[in-house]
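There are 2 protein chains.
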Amino acid sequence: MRIIYFVGTAGSGKSSLVSAYKEWLDNNGIDAVIVNLDPGAESIPYVPDADIREWIELREVMDEYSLGPNGAQVVCADLMAMNIEKLTDVLGTYKTNYVLVDTPGQLELFAFRKSSNVIVEALGKERSMTVFLADPMLCKTSNGFISTMMLSSIVQFRLQIPMITVLSKSDLLSDDELDKVLTWFADPDALYGDMLDNDSDPQTVIGMELFKALEGVGVFGDIRHVSSKEETGLEELYAASQQCFFGGEDADIN
Amino acid sequence: MRIIYFVGTAGSGKSSLVSAYKEWLDNNGIDAVIVNLDPGAESIPYVPDADIREWIELREVMDEYSLGPNGAQVVCADLMAMNIEKLTDVLGTYKTNYVLVDTPGQLELFAFRKSSNVIVEALGKERSMTVFLADPMLCKTSNGFISTMMLSSIVQFRLQIPMITVLSKSDLLSDDELDKVLTWFADPDALYGDMLDNDSDPQTVIGMELFKALEGVGVFGDIRHVSSKEETGLEELYAASQQCFFGGEDADIN
């Protein structure tokens, strides 16, 4: 059993990708189950096999603790770690190849709170990886692209498990926009030039340092773009996850 | 009129610091007004002079658009930019030295969506700065410290205005913990050593690159720690904001 966390900022398309990827796996005869870890999810495009909302539901926490959505989301994130045993019990009843984990809507509630580490450890850190969803609307500008890629680096640093970054909802970009973003991934010099063109003020020194960090972290190179809507990029995502888990070898994945 | 945005992850103490800082300014005869920009705020410890909730309220958006809290927060963030004129109209009626802006509970809703740039431009980018609140519970570990400081660098890069980072809610740390965190700020080598001690796996390369970026960005050096509860660090925050706005000169701040 291998575990894949789908992580990204609010609106980056996590739930849709989990749903589309599950369907792709089904169609290719690969067994997978879905875990919903978002206590605030109200409509999800799949039927979860395990669901944190069975034990923690955002609206209930709001009522019970008399909290607004902000405070309740923080409490939910912390309660999650305390209920992790119930989740691992449910998962223990499944015999499957992949567990697809749909993480909370707001990235920071997962990535920047201690409960995420507790969850990753409990489900098995050594058999886990992350798929980071880069929001296409944010990635369209050089500033947004660099910010998103830095955010993905921080998430990888926080969770300390292998990560694949995908450009999500690529159907929202025009062909030219998609080309531009893909070029930035493949050619750091192009990104650097565009960044300097757009940020012509003293703040650029930060951009330069962030850019250098991206180079060091090794962000540039391969990138997959996926569209849940058009069902594209899912096979590439599978190939990349195989590479990540097994280094490209055929493997017994139970 | 100068504008100060208080930005930080959920639970980092933004509203409390805005409230405590306003009181400190009042007590020192310095005029300031408060703007609440959080459509999801349900109880805030101050009386706002302008309030985004007059036009956008999270619970109403949830009902009106039949959205859960996640989706509604994203919609609210985008609606904010469309209502900015109403806010600038209200602010135009005030003659004050400082506008303290309390930003949305979840950092990513402010920092990673386009509306934040629209708002900063509309209120006057050249007379604005950010106070980034570092969450003490996150900053206690070297991994969390580096992650938080990188996040603050990304926010600065996104907003492109000067920034002061403060260690928030310092009353939550023991003396030893506070010493450790302050040492990390002053002495990059100490941080680097602790990071290597704690992250003894291949992911450390990311930590090293993030660390180098922090050095390049110029995070190390001065740090202020504040406690809204104990009302400490507020004078230092004021001095730092003066330095940021006026380079330490006495200035006509209207």
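Residue numbers (the numbering used here), protein chains in the order written: chain A, 1 to 254; chain B, 1001 to 1254. Glycine is no exception: its CB is placed at the ideal position from the N, C-alpha and C atoms. Just so you know, these numbers come straight off a predicted model, no measurement behind them.
**OP:** Kindly list, in the order they appear in chain A, the residues whose Cβ is closer than 7 Å to that of residue 1034/B.
**Re:** Below the 7 Å Cβ cutoff, chain A contributes no neighbours of residue 1034/B, its closest Cβ being approximately 17 Å away.
Original post:
Any idea what DSSP makes of residue 1046/B, helix, strand or coil?
Top reply: In the structure shown, residue 1046/B falls within a coil segment according to DSSP collapsed to helix, strand and coil.
Original post:
What residues in its chain sit with their C-beta under 6 Å from that of residue 162/A, if we drop five residues either side in the sequence?
Top reply: Listed in chain order, the non-local C-beta contacts of residue 162/A below 6 Å within the same chain comprise 129, 244, local neighbours out to five positions each way being set aside.
**OP:** Measure from the C-beta of residue 1053/B to each C-beta in chain A and report whether the shortest distance is under 8 Å.
**Re:** Closer than 8 Å to the CB of residue 1053/B there is not a single CB belonging to chain A.
Subject >> Short Cβ contact (8 Å threshold) for residue 52/A with residue 37/A >> reply: Against a cut-off of 8 Å, the Cβ pair of residue 37/A and residue 52/A comes out as a contact.
Subject >> Identity of the residues DSSP links to residue 2/A by a beta bridge >> reply: Note: residue 2/A sits in a beta bridge opposite 98/A.
**OP:** Starting from the C-beta of residue 1144/B, find all residues in its chain whose C-beta is less than 6 Å away, skip the five residues before and the five after it, and write them out in chain order.
**Re:** Excluding sequence positions up to five before and after residue 1144/B, its CB lies within less than 6 Å of the CB of 1138, all in the same chain and listed in chain order.
**OP:** Provide the residue(s) that pair with residue 1123/B in DSSP beta bridges, ordered along the chain.
**Re:** According to DSSP, which records beta bridges pairwise, residue 1123/B is partnered with nothing at all.
**OP:** Mind checking the stretch 90-115 of chain A against chain B and listing, in chain order, the residues whose C-beta falls within less than 9 Å of any C-beta there?
**Re:** Cβ contacts with chain B: 104, 105, 106, 107, 108, 109, 111, 112, 113, 114.
**OP:** Verify the CB distance criterion: does residue 253/A have a CB-CB separation below 8 Å to chain B?
**Re:** Residue placement at residue 253/A is poorly supported in this model, since its pLDDT is 49, which falls under 50; the coordinates still yield a value, given next. For residue 253/A, not one C-beta of chain B is nearer than 8 Å to its own C-beta.
Subject >> Element boundaries [beta strand (DSSP E), containing residue 1145/B] >> reply: Taken as a continuous stretch (DSSP letters only), residue 1145/B belongs to no beta strand (DSSP E), being part of the alpha helix (DSSP H) at 1142-1159.
Subject >> Where the stretch 6-39 of chain A meets chain B: residues whose CB sits under 8 Å from a CB there >> reply: Residues of the stretch 6-39 of chain A with a Cβ closer than 8 Å to any Cβ of chain B, in chain order: 9, 10, 11, 38.
Subject >> Buried versus exposed, by CB contacts within 10 Å (16 or more), residue 82/A >> reply: Classification of residue 82/A: exposed, given that the 10 Å Cβ count is below 16.
**OP:** Pull up the CB-CB distance for residue 87/A and residue 18/A, whole angstroms please, since I reckon it's below 8 Å.
**Re:** The C-beta separation of residue 87/A from residue 18/A comes to about 16 Å, leaving the pair out of contact by the 8 Å criterion.
**OP:** Can you say whether residue 1158/B is buried or exposed, counting buried as having 16 or more other CB atoms within 10 angstroms of its CB?
**Re:** The residue in question, residue 1158/B, is buried, as its Cβ has 16 or more Cβ neighbours within 10 Å.
Subject >> residue 1165/B - containing beta strand (DSSP E), residue span >> reply: Note, residue 1165/B: beta strand (DSSP E), 1163-1167.
**OP:** For residue 158/A, decide whether its Cβ has a neighbour in chain B, counting only Cβ atoms nearer than 8 Å.
**Re:** Yes - at least one Cβ of chain B is within 8 Å of the one on residue 158/A.
Original post:
With 16 other CB atoms within 10 Å as the buried threshold, where does residue 28/A fall?
Top reply: By the 10 Å Cβ count, residue 28/A comes out exposed.
Subject >> Proximity to residue 1177/B [Cα-Cα], best of 1136/B, 1012/B, 1156/B, 1075/B >> reply: Nearest option by C-alpha distance: 1136/B.
**OP:** State the CB to CB distance for the pair residue 181/A and residue 224/A, rounded to an integer number of angstroms; the pair is presumed to be in contact (CB under 8 Å).
**Re:** Residue 181/A to residue 224/A, Cβ: 12 Å. No contact.
**OP:** Select from 1074/B, 1025/B, 1015/B, 1146/B the residue whose C-alpha is nearest the C-alpha of residue 1042/B.
**Re:** Measuring from the Cα of residue 1042/B, the nearest candidate turns out to be 1015/B.
Original post:
In chain order, which alpha helix (DSSP H) runs of at least 4 residues are fully inside the stretch 1200-1241 of chain B?
Top reply: Segments of the alpha helix (DSSP H) lying fully in the stretch 1200-1241 of chain B: 1204-1217.
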